[in-house]
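S.K.: Here's a structure for you.
Residue numbers (our numbering), protein chains in the order written: chain A, 20 to 293; chain B, 78 to 425.
And the structure:
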C-alpha cells in the first residue's frame with residue numbers, strides 16, 4: 020500500500036519534471052550550440068541586448084534608489100492608511116502585464132491623463148526608450164518593495180533603540196544599522212525584480228511598442244525573430260535561460276546565506292565560553 | 078556632578094508606573110518582579126518611552142517636563158543604556174560597536190573592560206559575559222552623564238554570573254555618574270548598588286541601603302523579596318511592650334516589636350536555629366517536618382515546616398527528611414511588617 024502510493028507520487032513527479040524540463044532541453048537541441056555565439060552577434064540581437072541593458076539599468080537604479088527609502092518608511096512607521104499603501108504598492112504584482120501596459124498608456128499616452136502636460140513640456144513617452152524604462156519599473160518594483168519592507172521589518176527594534184541612545188541621528192541609523200542588517204534581504208528582492216524586469220514583455224509591447232534599436236528588448240526580439248529567423252530567436256532564448264538560471268541560483272545562494280546569517284540579534288544564543 | 082531627578086507617571090496597559098527618585102554620583106538598583114514596570118522607568122529616562130506626565134532632569138538640564146512640553150529625543154539626552162539582551166549590532170565588530178557611541182575613548186574602554194583582545198570579533202562569537210562587557214563599554218563610549226542598565230546579569234548562566242557581577246561592581250564603583258540598575262534579583266541589586274529601591278506594580282515600595290531593607294522591611298513584599306521567611310498572623314499587644322502573634326499555621330510566637338491586627342511576620346533564615354528538641358523557654362519554637370536541604374552561599378538551608386533555616390555545613394546534628402524538628406528564634410529577630418500589598422484578606 021505504502022509502496023504503491025510512493026510509486027504514484029514518483030510517477031506524478033516524473034510527469035511534472037518532464038513537462039517542465041522538456042521545453043528547456045528542446046531549446047538547446049533545436050539549434051547547433053556552436054552556432055549560438057555567432058547568431059547572438061547579429062545586429063538585431065546586439066541592438067536588443069543594448070536596449071535591454073540600458074533600460075533595465077535605469078529601471079533598477081530607480082527601483083533601488085526610490086524603493087529603498089520608501090520601503091523603509093512603510094516598514095518602520097505606523098500610520099493610518101499604511102495597509103492601503105502597501106496594497107497599492109503590491110498591486111502590479113498581480114496585475115496582468117497587458118493591463119499594466121494599457122494603464123501606462125492611459126496615464127502617460129498622448130491622449131492620457133498627463134498627455135497634454137507632457138506634450139506641452141515636449142516629452143513624448145510612448146514608443147520611446149523611456150517608455151520601456153517606465154514599463155519595467157512599473158512591473159518589477161513591487162518584487163523589490165515587498166521584500167525590502169519585510170527585510171526592514173525583521174530588524175530587531177531594540178537595535179535601533181540602542182543606536183538612538185548612542186546618539187545616532189535617524190539618517191545614521193538608516194545608513195549604519197538598518198541598511199547593513201537588511202542588505203541580504205534587499206539583495207534577494209532586487210534579484211527577483213531584476214529577473215522580472217528582464218523578462219518583461221506585455222506592458223512594454225503595449226506601452227513602448229516593438230521598435231528595433233529603440234524599444235526592442237531581448238524578449239521582444241524573440242517575438243520578432245520568430246518570423247524572420249527562428250535560429251536567432253532560439254539563441255536569444257538560450258541566452259535568457261542561462262541568465263534566468265544564474266539569477267535563480269544567486270537568489271537561492273542569498274536565501275541560504277540569509278538563513279545562516281540571521282539579522283535577528285543573538286537572543287538566547289548558546290554562550291560560547293572561551 | 079549633576080544629579081538625576083525623576084518624578085514620572087508612565088501609563089502601561091495594566092497599570093501606571095509612578096516613580097520619584099533622585100540619584101547623585103552613585104549606583105541605585107531598582108529591584109522587583111518582572112512586569113513591575115522597572116524597564117519602563119529606564120526607557121522613559123532614555124527617552125524611548127514617553128511618560129504621560131512628570132519631569133526628568135539632570136541637574137539644571139531638563140530632559141522631560143510634561144508641564145513645559147519638553148521632551149528631548151534619546152539622541153539628545155546624555156545617557157548610556159545597557160539593554161537586557163545587550164542589543165549589540167551583529168554586523169559590527171566589537172571595536173565598531175563601541176565606536177558607534179563615540180570614537181575618542183574606544184581604546185581606553187576596551188582596555189578597562191578587559192575586551193581589547195576581542196576588538197575584531199563579531200558579537201555572535203562572544204560569550205554572554207563578554208557581550209555584556211561590550212554593551213557596557215559601548216554605553217560608556219558616548220561619555221554619558223547617566224548610565225542605565227536593564228537586567229545586566231539575567232542573560233548569563235549561573236556560572237559566569239558571579240564573576241561578571243564582580244567586574245560590573247568594580248566598573249560601577251569607578252564611575253562618578255548616576256547609574257540606575259534594574260534587576261529582579263535582590264542579591265544582584267545588593268551586590269551592585271549601595272542604594273536599592275523595591276518596585277512592585279509600578280510603585281516604589283521602599284528605598285534604602287541593602288542592610289536597611291533587610292533590617293527594617295517596609296512591608297511584607299520587601300521582606301519576602303530580601304529573602305526572609307514571611308508568615309502571616311494576628312498580633313496582639315503583650316505586657317512586655319512587644320506583641321504576641323497567633324500565626325495562621327496555628328503556633329503562637331512573640332516579637333519584641335509592637336503591632337496589632339493582621340501582620341506579616343518576617344524572620345531571616347540565619348536567625349533561625351534548628352534542633353531535634355524544643356528550644357529554651359524564652360525563645361520562640363515552631364515544630365515542623367524537615368524538608369529539602371540546599372547549599373546556599375556556603376551554608377545549608379533546610380526547610381522546617383513553613384520556615385527556611387540556615388545551618389553551618391559542619392553542624393553535627395543530623396536532620397532526616399520527613400522527621401520532626403524544631404525551629405527556634407529570638408523575639409528580637411521577629412519583625413512585624415505591613416500586609417498592605419499582600420493579596421490575603423482578614424479571614425472572616
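Beta carbons: idealized from backbone N, C-alpha and C, even for Gly.
Whole angstroms are fine: how far does the CA of residue 43(A) sit from the CA of residue 254(A)?
M.R.: Rounded to whole angstroms, residue 254(A) to residue 43(A) spans 12 Å at the Cα level.
S.K.: Does DSSP classify residue 403(B) as helix, strand or coil?
M.R.: The answer is strand: DSSP assigns residue 403(B) an E or B state.
S.K.: Helix, strand or coil, according to DSSP, for residue 95(B) in the structure here?
M.R.: Three-state result, residue 95(B): strand.
S.K.: Residue range of the beta strand (DSSP E) that residue 131(B) falls in?
M.R.: That run of the beta strand (DSSP E) goes 130 to 135.
S.K.: With distances taken Cα to Cα, identify the nearest neighbour of residue 270(A) among 219(A), 207(A), 223(A).
M.R.: Answer by Cα proximity: 207(A).
S.K.: Going along the chain, which residues of its own chain have a beta-carbon closer than 6 Å to the beta-carbon of residue 94(B), five neighbours each way excluded?
M.R.: For residue 94(B), where only same-chain residues beyond five positions count, the Cβ hits under 6 Å are 87, 114, 117, 279.
S.K.: Taking 8 Å as the CB-CB limit, is residue 188(A) close to chain B?
M.R.: Output row for residue 188(A): interface = yes.
S.K.: Could you check which residue in 83(B), 106(B), 89(B), 99(B) has the C-alpha nearest to that of residue 290(B)?
M.R.: Checking every option, the nearest Cα to that of residue 290(B) belongs to 106(B).
S.K.: Going along the chain, which residues of its own chain have a beta-carbon closer than 6 Å to the beta-carbon of residue 328(B), five neighbours each way excluded?
M.R.: Only 363 meet the Cβ criterion.
S.K.: What would DSSP say about residue 106(A), mapped onto helix, strand or coil?
M.R.: The answer is helix: DSSP assigns residue 106(A) an H, G or I state.
S.K.: Between the Cα of residue 152(B) and the Cα atoms of 146(B), 177(B), 143(B), which residue gives the shortest distance?
M.R.: With distances taken between Cα atoms, residue 152(B) lies closest to 177(B).
S.K.: Contact criterion: CB-CB distance below 8 Å. Does residue 183(A) meet it with respect to chain B?
M.R.: Judged by the 8 Å Cβ criterion, residue 183(A) is in contact with chain B.
S.K.: Could you have a look at residue 275(A) and say whether DSSP puts it in helix, strand or coil?
M.R.: Residue 275(A) falls in the helix class under three-state DSSP.
S.K.: Under three-state DSSP, which class holds residue 128(A)?
M.R.: DSSP places residue 128(A) in coil when its eight states are reduced to three.
S.K.: If contact means a Cβ-Cβ distance below 9 Å, which residues of the stretch 119 to 131 of chain B contact chain A?
M.R.: Result list: 120, 123, 124, 125.
S.K.: If we count the other Cβ atoms within 10 Å of its Cβ and call it buried at 16 or more, is residue 142(A) buried or exposed?
M.R.: Residue 142(A) is exposed by the Cβ-count criterion.
S.K.: Give the range of the beta strand (DSSP E) segment to which residue 338(B) is assigned.
M.R.: Its beta strand (DSSP E) spans residues 338 to 344.
S.K.: May I ask you to report which of helix, strand or coil DSSP gives residue 84(B)?
M.R.: In the structure shown, residue 84(B) sits in a strand (DSSP, three-state: E or B).
S.K.: Using only the alpha-carbon positions, how far apart do residue 404(B) and residue 378(B) sit?
M.R.: For residue 404(B) and residue 378(B), the distance between alpha carbons rounds to 12 Å.
S.K.: Sort out for me which residues DSSP pairs residue 296(B) with in a bridge.
M.R.: Answer is 415(B), bridged to residue 296(B).
S.K.: Checking the sheet assignment: what are the DSSP bridge partners for residue 387(B)?
M.R.: DSSP lists 378(B) as partners of residue 387(B).
S.K.: Using only the alpha-carbon positions, how far apart do residue 406(B) and residue 412(B) sit?
M.R.: Answer to the nearest angstrom: the Cα atoms are 12 Å apart.
S.K.: Tell me, which residues are paired with residue 367(B) by DSSP?
M.R.: In the DSSP output, where bridge partners are listed per residue, residue 367(B) has 381(B).
S.K.: Below 8 Å on the Cβ atoms is my guess for residue 153(A) versus residue 133(A); work out the distance and round it to an integer in Å.
M.R.: The pair is not a contact, with the Cβ atoms about 12 Å apart (cut-off 8 Å).
S.K.: Where residue 103(B) and residue 166(B) are concerned, what is the direct C-alpha to C-alpha distance, given to the nearest angstrom?
M.R.: Straight-line Cα distance between these residues: approximately 29 Å.
S.K.: Who are the Cβ neighbours of residue 201(A) in its own chain at under 6 Å, not counting the five residues just before and after it?
M.R.: Contacts found: 170, 171.
S.K.: Where DSSP assigns a beta bridge to residue 306(B), which residues make up the other side?
M.R.: Its beta-bridge partners are 344(B).
S.K.: Could you list which residues in chain B have their beta carbon closer than 7 Å to that of residue 178(A), in chain order?
M.R.: Per Cβ cutoff of 7 Å: 164, 166.
S.K.: Could you check what DSSP says for residue 180(B) in three-state terms: helix, strand or coil?
M.R.: Three-state result, residue 180(B): coil.
S.K.: Name, in chain order, the residues that DSSP records as bridge partners for residue 203(B).
M.R.: Looking at the DSSP assignment, residue 203(B) forms no beta bridge with any residue, so it has no partner.
S.K.: Between residue 258(B) and residue 229(B), is the Cβ-Cβ spacing less than 8 Å?
M.R.: Yes, they are a contact pair.
S.K.: Using three-state DSSP, classify residue 188(A) as helix, strand or coil.
M.R.: DSSP places residue 188(A) in coil when its eight states are reduced to three.
S.K.: Beta-carbon separation of residue 383(B) and residue 308(B) under 8 Å?
M.R.: Going by C-beta atoms, residue 383(B) is nearer than 8 Å to residue 308(B).
S.K.: So does the stretch 216 to 224 of chain A actually touch the stretch 234 to 251 of chain A, counting three or more Cβ pairs closer than 8 Å?
M.R.: Yes: the two stretches touch, three or more of their Cβ pairs being nearer than 8 Å.
S.K.: How far does the beta strand (DSSP E) with residue 142(B) in it extend, from its first residue to its last?
M.R.: Looking at the DSSP string, the run of the beta strand (DSSP E) that includes residue 142(B) is 138 to 142.
S.K.: Select from 360(B), 127(B), 214(B), 136(B) the residue whose C-alpha is nearest the C-alpha of residue 143(B).
M.R.: Per the Cα distances, 127(B).
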